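As structure tokens, the structure follows; a few thoughts come after it.
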Amino acid sequence: MAAKSPEHNSQRRVYWLGGLLLAWAALIALRLVQLQVVRYGEFHERAQKQQQRTFEVSPRRGNIYDRNGHELAMSVNVDSVFAVPSEVRDQEVAATLLGKILKTDSREILARMKASHAFCWVARKLDAQTAERIRALNLQGIYFQKEPRRFYPNRDLAAQVLGYVGMDDDGLSGVELAFDNELHGIPGKMAIQRDARGRYFSSVEHQPEPGQNLVLTIDENIQAIAERELERGMQETHAIGGTAIVENPATGEILALANRPNFNPNDTRHITPAQLKNRAVTDIYEPGSTFKIVTIAAALEEHLTRPEEPIDCQMGSIVVAGQRIHDSRPHGVLDVTHVIAESSDVGSIKIGMRLGEQKFDRYVRAFGFGSQSGIELPAETRGLYKPISRWSKVSMAAMSMGQEIGISAVQLAGLISTIANGGIYTSPRIVAADVPNGRFEVNPAFQSTSLSPVTQHRVISDDTAQEMKQMLRAVVLDGTARGHIDLPGYSAAGKTGTAQKVDPATHAYSKTKYVGSFAGFAPVDHPAVVIAVIFDSAVGLHQGGQVAAPVFGRIAKQVLAYWNVPHDLDLNQDQRKRVLRAGIADEGDETSPDHIGGVVDEGTNSGMANVEAQLTAPAASSQVAATPQVQPAKLAAKEHPKSVVAAESQPGVSLADHAVEADGSVVVDVDGTQVVPAFVGKSMRAVVEMAERASIEIEPSGSGVAREQSPPPGTHIVPGQKVTVRFSR
Amino acid sequence: MAKRVSLDKVLFSVTLVLVVIGVVFVFSASAVMAKDRYGSPYTFFFRQLAWAVVGLLAMVVIAKINYRHYQRPSVVFTALSVTTLLLLTVFFLDRSHNTHRWIHAGPFSLQPSELAKPAIILFLAYFLESRTRTLNDWRSTLIPAVLPPLLLAALIVGEPDLGTALACLAITICVLFAAGLDLKYIGYGFVALLPVLCWLVFLVPWRARRMMVFLHPGDDVRGAGFHIWQSLIAVGTGGLSGVGLMEGKQKLFYLPEPHTDFIFSVIAEEIGLIGAVVVVALFTVFMVRGLRAATLAPDNFARFLAVGITAMIAVQALFNISVVLGLLPTKGIPLPFISYGGSSLFIMLASMGVLLNITQHVE
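Protein chains in written order, with the working numbering: chain F, 1 to 729; chain Y, 1 to 363.
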């Protein structure tokens, strides 16, 4: 200490101090390198994460089309409203204003605003009017985002088939649920962030990918027919539930599937479970007599009986395993055809007993009972069918007449389709194809690109099937459905069923509640269509022949007319006149139930509207002109090859030969004059085709779309008289 | 012998640049908040700018005043007693933010603790000037030298403002160290103060929490660790060259006090490693030049003043940056010249005037 002057010592101390501070600064520099270079990625990511709020942008859900490319379900972009709460000046005032417009609790909106700084939904998927009112408020911090909202243009048409979606566009029932993955699409991402000036901005991170479109086998027009006739049947029978299925027997395609009660999927706030359920696939009912088809067909196939074999029906009483079973009406000796036609339980039991358990079980399963049909709808039931090991002594007898077994309406349609299709079971399907995102293109081949491959197997031989067809025809001609089916010009076959419901309280058969059904097809030789109709708990008249058969007839009549299926029966003069009048005069008679063209939805017309238009008297011509994409009925028919095939497979008979006759209601009048169709609005090609079919000579002028014609539509002309049609673009 | 030279232009320039950087980043860090609170993004910017101008003027004026004028008992003890008085006064004034730190007078507000630092430096330089030989005699010199700073520090702890109190102690130690204090006394002092420090830290829950957060920064990212974690994110996000001036986002809702204690986060985020290192380098240059002035000083009074002022600024700067970078537990210490705060900036610049005057005198 003495050796060094304090000054010198102090100098050194200052250097030391400087060194320490420099070391500290160097440490800081190293730390900066560590944070800003080495760990940059980590912090950058964290900053991104916390500085932006991302939320999902709904993808556009795929549309659902009917087989003709008409939208059954579509998504339209509507406004959703969200708030950036920290930008909202006075949250309480804003919440009150919004709550008034939205008719919701403003406290709830306020709570959501308080919960987040950067983002909260105020209301989603609003109608245009409400959105406009909110926009008019011009509130700070309130923003709009387009989101797709599901819209069902035909409202309750095929409601249970289509199902509905929730607020987030998730399918909650029907096809919407079953094909949710395909339809839904992949959500996009939107980020809300603040720039360095504190302004919020949103940016789309990735675009949502739209879902795939789906094409159903449903035909909107046939569906409309089925819905309308089922509704009418409901009103007539006062049933608590009803189902109608229209199926193409050759392909298993479901053309229409209607249920009552039903709902409007556009407004899902008040749906009850009863409305929601697709009883055609989810509900089990005891089929009763319709199931006798299985018994008789199996016995025929096994050569255990013949259609003309006499069976002693023992005046309506038989004892099986100590239990006495009664027919509803006593019968004496009936041939097998009339065991079916008159629906004798005793006869069916006696025939069924010949089969034995093993064989009977094999046929029941081969006809598709006891297992799911595989139709692309959620919650399909397998039905109730016990394995042989659990059969009681009376089971065999009971099932021979359709008791002790539970089936679904779809399974019933499958049974009838097998008979109609010459003994080949075809699994039903309701989805024709999915169309990779983008718009629907009418692809004539789409039926072959089915999502679920059609599975077919032979159950009974073609010969047996033909015998069954004739026996089922007897049901309509002189059996339990006689007089209940009004189907002029076509043969029809089918089977009635009337089953007592099991009372859930007593577990005994109810004396007052019945399930009445009718399942059949037409025309008999070349079935174009299978229709199954079921009414649950009809009041008053309740037998299948009484409640369901008329509905079958009305649906069949309209569907066959819609497709221009050739008549297979001669119309007598009266009937021909009636058909003609139905074609012309009914247009003015709105109450007429036989009115062919159903109102599917205003403006979404096509095939049906045309058929109508063609049938329409002059008064309707302006309407036709106003509808630009009108299609001749024949073209519509071409979209349904099976109906054509049915006709063409008949040797020497072509559809063309039948056309005039089939279109009798359109063209040929009884007195030999012809009715001028409406050409206005159609393409030249369409006009020429129509004229050809109607054997009318036309004198075209110009090119493009038909603008004027003379004489006007509906006028009666003598053969050889020309119709002048002026075309222009 | 002592002669007059021109003032240290490097020191002057570095100070000026740091003040300018401060004004710019006060604006960047506070614009959005100012607009939210006061409707104009320029509120803090203009205030800081005004104080910077006033402070720089004061610095230039003070740089012309011979430092020897301060070497008088009347000046030194007036400064000490006024500071003590003001520190006592704040206890009787309204609390703001639950603390007694501020004296408000019209548009001006003053933190007396800011005054304490120069007062301590002045006192130590004055007291030790002629006592370097007996410094290590604890009875005659050490205790009397250490007592007033300890007293002031105790008052500041009571505000409570532990950060500034620690800064006062750090300055005291630096000056004593430069004056030749035996290292064992520094050791004793540290051992003596450690229990007090521990008591202060762990008795007050929020301080304890901060300490735990410092020791385990990842544990509580949402809670107590939020601030320091957000600061690290801001610094890290800056990367090599930064996100761009005014473009930083962490200051918007995440950084606490982005324009005061955490302004270095904003700097690091917006101008990156390059900018942050430049700022650290500027402080380093400042420190080297300041200590150089001390070694060249003609007398002990000037030397100790220079060491004290340099240490005051350098230690606070390094401490503040260390906190921002998660190297030290959070303490409310502003970044000298740069952080928003009128009284602090003015006092720093005024002190700089003294230092700059000292640079004009060499042996």
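Cβ coordinates follow ideal geometry from the N, Cα and C atoms, glycine included.
Here the structure is a predicted model, which is why all the values come from computation and not from measurement.
Compare the C-beta of residue i with all C-beta atoms of chain Y and state if any pair is closer than 9 Å.
i, result
"F:Val14", "yes"
"F:Trp121", "no"
"F:Ala94", "no"
"F:Ser448", "Confidence at F:Ser448 is low in this model, with a pLDDT of 37, below 50, so the placement of that residue should be treated as unreliable; the coordinate-derived value is given next. Not an interface residue."
"F:Val88", "no"
"F:Ser427", "no"
"F:Arg269", "no"
"F:Gly18", "yes"
"F:Ser116", "no"
"F:Glu205", "no"
"F:Asn9", "yes"
Please list the terminal residues of the continuous beta strand (DSSP E) segment that includes residue i.
i, result
"F:Lys292", "It is not in any beta strand (DSSP E) - F:Lys292 instead sits in the alpha helix (DSSP H) that spans Lys292 to Glu301."
"F:Asn77", "Glu71 to Ala83"
"F:Val530", "Val529 to Asp536"
"F:Pro310", "Pro310 to Asp312"
Can you give me the Cβ contacts of residue i inside the same chain, cut-off strictly under 6 Å, excluding the 5 residues immediately before and after it?
i, result
"F:Glu308", "Asp335"
"F:Gln743", "Since the first and last residues shown for chain F are 1 and 729, residue 743 of chain F lies out of range."
"F:Leu102", "Ala123"
"F:Gly352", "Thr295 and Ser400"
Please check the pair residue i and residue j, which I expect to be a contact at CB under 8 Å, by giving their CB distance rounded to whole angstroms.
i, j, result
"Y:Leu155", "Y:Leu88", "7 Å"
"Y:Val76", "Y:Leu122", "5 Å"
"F:Ser408", "F:Gly374", "With a Cβ gap of about 12 Å, F:Ser408 and F:Gly374 do not count as contacting."
Where residue i and residue j are concerned, what is the direct C-alpha to C-alpha distance, given to the nearest angstrom?
i, j, result
"Y:Ala83", "Y:Pro112", "The question names Ala, but residue 83 of chain Y is Thr in the sequence shown. Taking the straight line from one Cα to the other gives about 6 Å."
"Y:Ser351", "Y:Tyr67", "11 Å"
"Y:Arg37", "F:Lys277", "58 Å"
"F:Val122", "F:Arg269", "19 Å"
"F:Asn264", "F:Gly166", "14 Å"
"Y:Phe127", "F:Arg31", "39 Å"
"F:Gly99", "F:Ser728", "55 Å"
"F:Leu655", "F:Pro566", "With a pLDDT of 34 at F:Leu655, under the threshold of 50, the modelled position of this residue cannot be trusted; read the value that follows with caution. Going by the C-alpha atoms only, they are around 8 Å apart."
"Y:Ala179", "Y:Phe92", "37 Å"
"Y:Ala31", "Y:Thr43", "8 Å"
"F:Gln314", "F:Asp219", "47 Å"
"Y:Leu364", "Y:Ala311", "Any property of residue 364 of chain Y remains undetermined from this structure, which presents chain Y solely from 1 to 363."
"F:Ile696", "F:Arg473", "38 Å"
"F:Arg439", "F:Leu377", "Because the pLDDT at F:Arg439 is just 44, under 50, the model does not fix this residue reliably, and the point stays unresolved."
"F:Ile419", "F:Leu257", "20 Å"
"F:Cys120", "F:Glu108", "12 Å"
"Y:Ser13", "Y:Ile313", "15 Å"
"Y:Thr284", "Y:Ala34", "32 Å"
"F:Glu42", "Y:Gln250", "15 Å"
"F:Pro292", "F:Glu56", "With the sequence shown as reference, residue 292 of chain F is identified as Lys, and Pro is not the correct amino acid for it. C-alpha separation (whole angstroms): 56 Å."
"F:Glu342", "F:Leu477", "11 Å"
"Y:Ala294", "Y:Asn357", "12 Å"
Give a yes or no on whether the minimum CB-CB distance between residue i and chain F is below 9 Å.
i, result
"Y:Met287", "yes"
"Y:Ala302", "no"
"Y:Gly22", "no"
"Y:Phe372", "Nothing can be reported for residue 372 of chain Y: it is not among the residues displayed for chain Y, which extend from 1 to 363."
"Y:Thr43", "no"
"Y:Leu318", "yes"
"Y:Lys117", "no"
"Y:Ile103", "no"
"Y:Tyr254", "yes"
Residues in its own chain within less than 8 Å of residue i by CB, not counting five upstream and five downstream?
i, result
"Y:Phe346", "Trp51, Val54, Gly55 and Ala58"
Could you give the first and the last residue of the continuous alpha helix (DSSP H) run that contains residue i?
i, result
"F:Ile271", "No alpha helix (DSSP H) holds F:Ile271; DSSP gives it neither H nor E."
"Y:Trp102", "Taken as a continuous stretch (DSSP letters only), Y:Trp102 belongs to no alpha helix (DSSP H), as it is neither H nor E."
"Y:Lys331", "Neither: Y:Lys331 is in no alpha helix (DSSP H) and is coded neither H nor E."
"F:Arg46", "Tyr40 to Gln51"
Excluding five sequence neighbours on each side, which residues of the same chain lie with their C-beta closer than 7 Å to the C-beta of residue i?
i, result
"F:Asp267", "none"
"F:Gly316", "His326, Asp327, Arg329, Pro330, His331 and Val346"
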